[in-house]
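Under our numbering, the first residue of the sequence shown is numbered 766, with each subsequent residue one higher. Glycine is no exception: its CB is placed at the ideal position from the N, C-alpha and C atoms. Take a look at the structure below.
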Amino acid sequence: MSASIQVKGLRKVYHMGKEKIIALNHVDLEIEEGEICCLFGTSGSGKSTLLNMLAGLEKPTKGSIKIKNERVDLLDETSLATFRQKYIGFVFQSYNLIPSLTALENVSLPLIFQGMPRVKREKRAKEMLRAVGLKGRMKHKPKEMSGGQQQRVSIARAFVNRPTILFADEPTGNLDTHTTIEVMEMIRSIAREYNQTLIIVSHDPEIADYADRIITLIDGNIHKIEVKKGEEKEIVYEIKE
Ligand code: ADP
Ligand code: MG
């Protein structure tokens, strides 16, 4: 398998007045195509910072990020926007749906930006909503749905233009255990069907268990990388104390 994402010497420093916050110290990693990867660690370990840089939402202080052989850290805003539209999907903890739009309209939105004709995009959006079990909620607005249903809509929206890579930051953070399992199974099954690469940020070991590759962060450094082989987890990298 080929590497979908390659990161070398990644560092991110924030400046707050005189204080210097090293959110990521020095990160090297590779994620393979079609892999489900979890960026795992406690709050403040640097997971979201890493995800945001991989997705091109923030620029690193140092280091390089290659996605599909493109140096995303070097792209300007315009090229980044095009790159994201072509390859990337997002799921956020807070759903980020547009309150005034129905489920169907929310899911259709990325396809409008893509310039797909109306009939085709409605068909695709409906298919996607059916795939996430929301056949009966097409005309509902976000506030007319439960948290779990809203997250399904946001998953349908993230997958609707068949992104090569899907990023999810604590996607089940606001959901109960039962709904979390449903949502994770759904994300995994859609990703597997289209051989999409999935990068999930979580502090929850049960979510990490869904991943083929678990990258554990501590204080802005990679502490451990585990790769699942069947039922076994093989440690492929670990910092020795
Ligand atoms: P996680 O997602 O693992 O909880 P984050 O990546 O959000 O952690 O944050 C890592 C560290 O960087 C934390 O100490 C956090 O306070 C700090 N940090 C994150 N974003 C910013 C920012 N925009 N400005 C200043 N500090 C930040
Ligand atoms: Mg976070």
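Kindly give me the distance between the Cβ atoms of residue i and residue j, rounded to whole angstroms, as I take these residues to be in contact under 8 Å.
i, j, result
"Arg776", "Lys827", "4 Å"
"Ile990", "Val1001", "5 Å"
"Tyr959", "Arg927", "6 Å"
"Gly821", "Gly985", "The Cβ separation is near 20 Å, so there is no contact."
"Gly782", "Gln858", "So it is not a contact: roughly 28 Å between Cβ atoms."
"Ile796", "Arg953", "Incorrect: roughly 16 Å between the Cβ atoms, too far for contact."
DSSP on residue i, reduced to helix/strand/coil?
i, result
"Ala973", "helix"
"Gln858", "coil"
"Thr942", "helix"
"Thr826", "coil"
"Ala846", "helix"
"Tyr959", "coil"
"Lys783", "coil"
"Leu816", "helix"
For residue i versus residue j, is the C-beta spacing smaller than 8 Å?
i, j, result
"Val837", "Leu876", "no"
"Lys891", "Leu874", "no"
"Leu845", "Val966", "no"
"Thr962", "Ser769", "yes"
"Ala1071", "Phe855", "Within the shown structure, residues of the chain are numbered from 766 to 1006, placing residue 1071 beyond reach of any answer."
"Ile706", "Ile930", "A question about residue 706 goes unanswered here, because the residues of the chain that appear run from 766 up to 1006."
"Tyr975", "Gln915", "no"
"Asp969", "Leu816", "no"
"Phe932", "Leu819", "yes"
"Lys833", "Thr867", "no"
"Leu794", "Val778", "no"
"Gly912", "Leu894", "no"
Based on the DSSP output, what are the partners of residue i in its beta bridges?
i, result
"Val994", "Looking at the sequence provided, one finds Lys at residue 994 rather than Val. Note: Lys994 sits in a beta bridge opposite Glu997."
"Ala768", "Glu797"
"Val948", "None; Val948 has no bridge partner."
"Glu1003", "Lys989"
"Met981", "With the sequence shown as reference, residue 981 is identified as Thr, and Met is not the correct amino acid for it. Paired residue(s): Phe805, Lys989."
"Ile965", "Cys803, Ala933"
"Val837", "BP columns for Val837 are empty, so no partner."
"Arg776", "Lys827"
"Leu866", "Its beta-bridge partners do not exist; DSSP assigns none."
* What residue ranges within the segment 909-939 form continuous alpha helix (DSSP H) runs of no fewer than 4 residues, ordered along the chain? -> 912-924
* **4-residue-minimum alpha helix (DSSP H) runs that sit fully inside the segment 869-913, ordered along the chain** => 883-896
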